[in-house]
Structures are given as C-alpha cells and as structure tokens.
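What follows is a short report on a single structure.
Residue numbers (the numbering used here), protein chains in the order written: chain B, 1 to 344; chain V, 1001 to 1337.
Here is the structure:
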C-alpha cells in the first residue's frame, strides 16, 4: 500500500515553518493487521502523518477504530497475533520498523515514550516508585544510582508530586489515580523523548484531576519541547489541548485539520456527526443528533467508504473505492467525496 | 424556566423525598473481621426528586453518588435516614411490601454487560421482572416483551439472542427495556452512558428523553459526565465526600455556581469548542479527594478550597438556601457570590 500524496502540515509549521521541513516523526502508509480465527482484523489501513518537533496531534476515534493499535505500532508494541505489515515510521531520520528487537530498546523510552490509560497496569505493583524511576535513568542515561535517585526526585517535583523525596519508597498502591499518572509521566519524560505518545491518560480520572493532568502535560510539552501524540475518544477534551486533530474511523484517518479549523469547518460527515452528538458548549438545550447504526466490523477490508452505511450524504460513488484523504484547504484534509456538502 | 415534559416546579409534588440519608460501611480486617473503621460513603444527604423532572446527582469517585442511588432503591440497607416514595416511607419495608413498591422504582446500570445475565436470552432477561411482579397474564408476557424491545429500538427478534451477541448500545437498550417492564414511575440511572461510545451515547440519551416524555417518567440520573448532565437534567445536586455541597436549577449550577467545589468542577468540564476553551481557564484544585474513611473535620472541602478561612476547618457548613431554589453548604456563599 502506498502513502497518500497528502502531507499534513503541522500547526507548529504554520507558526514557524521549520517543523514541517523536517518532522520529528513521519509515518507513511502504516498497515497493521491481526490474524485471528475469525479472519484478518484490519485494524490500521494505511495511515500517514507528520509530527513536527514540539507539535501536538490528537488521534480521535471511538473504541475499535484502531487508534490505540496505531500508537502501539509506533513503539513496536503491537501484541500478537497483530503485526505491522506495511509502512514506515521514521523517527529522527530512521525507519523504526526496520529495527531489530535489540534496536528498539535504545529507542523506546529514550526517543519515543508512552503513557497509558490505566497507570496501575503499567506500573509494577511490587516495586517502589523510586526503583521504577531510577531503572530507566541508569539504563538509558548511564547515571549512577545516586545520581539517578537525585534525578528521580527532580522528576517527581517536575510532575507536581508533593514531598517528592519521601515518595520514592512508596509502592504504586499508595498513590491515588492522579498521582500514579503523574509518576507515569515522570517515567515517560525521564529520558527527554522527542515524542510522547499519550493513550487516553486521563480517561480513568475524575474531571478535576483530569484538568490537573492536562495542564501538567501542556506545561511539560512547552518546557521540554516534546512532540505529543494524544490518543483519545474525547472531542471535547482535545479542543483545548492540541494543535491538530486526526479523526479516525474503521482503521483510517477520515479527516485531519488544525484544531480550530476542525471544529469550525468540519468536512467529513463522521466528524460532523460526532460534533453534533455532543451537548452544546454553551448549555443550550436541544435534541442531540445521534449517528445511527454502529461502526463496521474490521474483518473485511473496506472496498468503499467505511462510513457510507451510516452516512446521510452517502451516494453510489462512495461504495466504489475508498475515498482518498485529500487537502481541501491549507492543512485540512478529508476523505469524503462530498466534502463540500458536509458541514455543521 | 420550563422544559418540555416537566411540570411547573412550584406545583410539582416530590415523588421521592430523601432525608438525612446515611450509609456507612465498616472496614473489616483480619481473620475475625474486626471492625477497624468506617467508610462514611453517604453522610447525611437530603433532597427531593419532583414528579416529572430529571435530577442529576453529580460528584467525583468516592463522593457517594452511586451509594445514594443504591440506598434509595434499598439495594443497600441505609444506616439511618428516611426515603419516602409517593409519600410512603420505605425504610421499614421488607419482603412483599418492599417488592410491591420496587415495581415502581427501577434502575438502569452503567455496564450493561455486567448487569445482564450472560446465560439468559434477551427475551428471558426482559421477561423476568414481569414474572417476578406478576404483570399481566403469563400467556401475554412474551408479546409484552416484544413490544418493550420494539419501544427501546430493538428488533423483537433479538429476544432470541444472548447479551454477548449484541453491541454495547444494544445491551443498554435491553437494560432499559428490563427496567421499563414493570411500568415504573421513577428510574434511577447510574452512569447509563459512560461505558458507551460517543456516537452511541447520543442515541441512548435521546431514547431516555423520549421515554420520559411518553411514559411520564421521573429520573434520578447519576453521572460524572457533566456536559451530559447539563444537557439532560432540570435540577442538579452536587456531592463531595458523602455530603451535598450545592443543589439548584441546571442553569444556576452551570452558569452561576456558588460553592467553590461546584465552581472548580464546572470550570474543569472540557468544552468541544477551541475558541471557547482558549478563553476560559479551569480553576485548579490542589491535591486529591481525601478518603471517605477519614473525612476532614469542619467543611469536608476545606483541604482543597482556595477560600478556606479558620471557621471552615472546625465548623461543618449546613446546606442552606442562599437564593430561591438554590441550596449551598458554604460559610462564605454570600461573600463569594
């Protein structure tokens, strides 16, 4: 599968111009599949995007759309029976998909790091916070144990953990959900990665804690100049969070746009449907417009637009061939043949 | 302000009256299950749900909102306090008398997969409450099941399916059909959409609103998704650590919150609009919610409140009316307005 001609341009690039010239992360034609007894699950069907240094991009989609598999593919963490079958993931000029497993260990955590939805499943419950934090510092940054402990305290302070020094000897179960996510962030940024992948890191948290973590990630991003790939289902959350948004449906990007542009002028009927199904921002009382039906099974490779069966604009042409992602205005791309009629 | 489907607030009689509701759970340790403490999940909560309205009960994890729901329906035995449904006290009821009452108060659960018996077919799941409550003639019940399934937007033929064969949205529709089977007047919905995908959430919210208008239902909606509560509720009650901190009309709570906790909560709601999001700023709350096993003395919110004064640390504020129809539990409600 070849990469589409469209090259998304980052918001960071709009501001400075330099980032687009050499993106820190460049994904081309990524295809990930799972071979199961029921058949082949087409989780990711050839997606391409660039991420500029310091830029933030959100991949937004519903459960089963392939957004998490997209993220795991970047880090070589797709669980069996899944496999990346095509594409390139170019980070700092190297194609990660060509790396041997040993090569991954110098990349993962060091150049690209990930935080997950549930920190309790990614923290080791029997090791202290200090032990888990210092391990990466010793291995990746070659610090002595003493230096690593000092750095760990610094990191915990940076992510806003009170009494950082005394928390090193705590186990994860001593911490609240919000504090665990802060520790995960401290581990993720400990080697100053160029790219941080955040997979729904606030979904399990309460709204006031979510606001704390979002503010923290934005602050860390600004301070450390990391690029962020934010994976989420929450269109309301990303509105105040990222530079650009990619909307994913059934394994493909259906729309990519700078954040303000996407909310003001959505050009894919699925994006329009998602935005209309949310309660209004101003609290005006109106009936929600639901998207009828449900997402398709990923067991069949789509032969046309995957959204067509639920789409109010669907026409016969939509079913003959997958619509390509094309740029319809600067930095705004949509995979809809009838994009001119789509809108809020 | 009036909404479709809701009678005039002044004229409406309370369908449900909750007074000084308390639910404590003992913390037991060791082989002898010795009591070593108490989780004060609900610690003196009073509110009314008016005939025909939707009351939203909101709060973060550990606030006790789900325990209120379960205690109101007597799925949990209250430690103390009174719950009156249509004027009748439920606290002392047991056995047959409680069963008769329950017919008119039903619950919709968060996770439709966990709340539906995986070994039963959809038809049997929806029919079960009809058999238990002996609704209609046994021979007619299957026809009633088909009508219920159709009413919640399911193909009546799905009666033959097992829950695992349905999507999350369809399973929640089954949960709703089951709750409706006995012809309830009050529905307590505990996070009915939070396990569902965004595009499906709106379908279920619309269905609940249609059913309410059509069948004259009253809802007590427990939710943490505040934008959905704002959409769906007439009045809102905000809980923090087992206590109510503020209750009022939807617009009062969301547009002019008075309690510092409500303010922080409302300001933290993500808004699906980048322009608006950039223009507002969340009121940050320091720290985490304290444990309900050891709530702080005085005002339970004082450890995180930006407006704490000496009095807040020692004296627990009463929930009192500060403007018409709005109750706030804060010593400084007037000066902070």
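Every residue, glycine too, gets a C-beta built ideally from N, C-alpha and C.
- At a Cβ-Cβ threshold of 7 Å, residue 1193/V and residue 1069/V do not count as neighbours.
- Between the C-alpha atoms of residue 1095/V and residue 1031/V there is a straight-line separation of about 32 Å.
- Within the same chain, and ignoring the five residues on either side of residue 278/B in sequence, the residues whose Cβ sits closer than 8 Å to its Cβ are 235, 236, 288.
- Interface criterion not met: the Cβ of residue 1239/V is under 7 Å from no Cβ in chain B.
- For the stretch 1104–1123 of chain V, no residue has a beta-carbon sitting nearer than 9 Å to a beta-carbon of chain B.
- Taking the C-beta atoms as reference points, residue 49/B is found no nearer than 7 Å to residue 69/B.
- When the alpha-carbon of residue 217/B is set against those of 183/B, 248/B, 233/B, the nearest one is in 183/B.
- Here the stretch 1096–1116 of chain V makes contact with the stretch 1183–1200 of chain V; the two share three or more CB pairs at distances below 8 Å.
- Rounded to whole angstroms, residue 1252/V and residue 1240/V show a C-alpha spacing of 18 Å.
- Exclusion of the five residues before and after residue 1278/V leaves no residue of its chain whose Cβ lies closer than 6 Å to its Cβ.
- For residue 230/B, the three-state secondary structure derived from DSSP is strand.
- With the rule of 3 Cβ pairs closer than 8 Å, the stretch 1211–1227 of chain V counts as touching the stretch 1165–1185 of chain V.
- Boundaries for residue 177/B: no beta strand (DSSP E) harbours it, while the alpha helix (DSSP H) harbouring it runs 177–189, taken from the DSSP string.
- Using a C-beta cut-off of 8 Å, the stretch 109–120 of chain B makes contact with the stretch 187–199 of chain B, since at least three inter-stretch Cβ pairs fall below that distance.
- The C-beta distance from residue 1268/V to residue 232/B rounds to 16 Å, too long to meet the 8 Å contact threshold.
- Shown here for residue 1141/V: same chain residues with a beta carbon closer than 8 Å to its own, the five before and five after excluded, namely 1127, 1130, 1131, 1135 in chain order.
- Within the stretch 1219–1231 of chain V, the residues whose Cβ lies closer than 8 Å to any Cβ of chain B are, in chain order, 1224, 1226, 1227, 1228, 1230, 1231.
- Around the C-beta of residue 36/B, fewer than 16 other C-beta atoms lie within 10 Å, and the residue is accordingly described as exposed.
- Residue 332/B: member of the beta strand (DSSP E) spanning 332–334, first to last residue.
- For residue 180/B, the CB contacts under 8 Å within the same chain, skipping 5 residues up- and downstream, are 119, 120, 123, 172 in chain order.
- The C-alpha of residue 275/B is placed about 15 Å away from the C-alpha of residue 258/B.
- In its chain, beyond the 5 residues on either side, 1108, 1109, 1112, 1115, 1116 have a beta carbon closer than 7 Å to the beta carbon of residue 1175/V.
- Contact check for residue 57/B against residue 220/B fails: the beta carbons are separated by 7 Å or more.
- In terms of beta-carbon proximity, residue 1249/V stays away from the interface with chain B, with every pair separated by 7 Å or more.
- The shortest CA-to-CA distance from residue 1260/V to any of 1283/V, 1243/V, 1271/V, 1272/V is the one to 1283/V.
- Contact between the stretch 298–316 of chain B and the stretch 331–342 of chain B is present: three or more C-beta pairs spanning the two stretches fall below 8 Å.
- Flagged as an interface residue toward chain B: residue 1061/V, by a C-beta distance shorter than 7 Å.
- According to DSSP, residue pairing for residue 1023/V in a beta bridge involves 1042/V.
- The criterion of a C-beta distance shorter than 7 Å is not satisfied by residue 85/B and residue 97/B.
- Note on residue 1164/V: under 16 other CB atoms within 10 angstroms of its CB, so exposed under the neighbour-count rule.
- Cα atoms of residue 1158/V and residue 1122/V: separation of roughly 7 Å, rounded to the nearest angstrom.
- Within the stretch 115–157 of chain B, not a single complete beta strand (DSSP E) segment reaches 3 residues in length.
- Sixteen is the threshold: since fewer than 16 other Cβ atoms of the shown chains lie within 10 Å of the Cβ of residue 225/B, the residue is exposed.
- Inter-segment contact for the stretch 1016–1024 of chain V and the stretch 1041–1060 of chain V is present: three or more beta-carbon pairs are separated by less than 8 Å.
- For chain V, none of the residues of the stretch 83–99 of chain B brings a beta carbon within less than 8 Å of one of its beta carbons.
- A Cβ-Cβ distance of about 6 Å is found for the pair residue 1054/V and residue 1232/V, placing them in contact under the 8 Å criterion.
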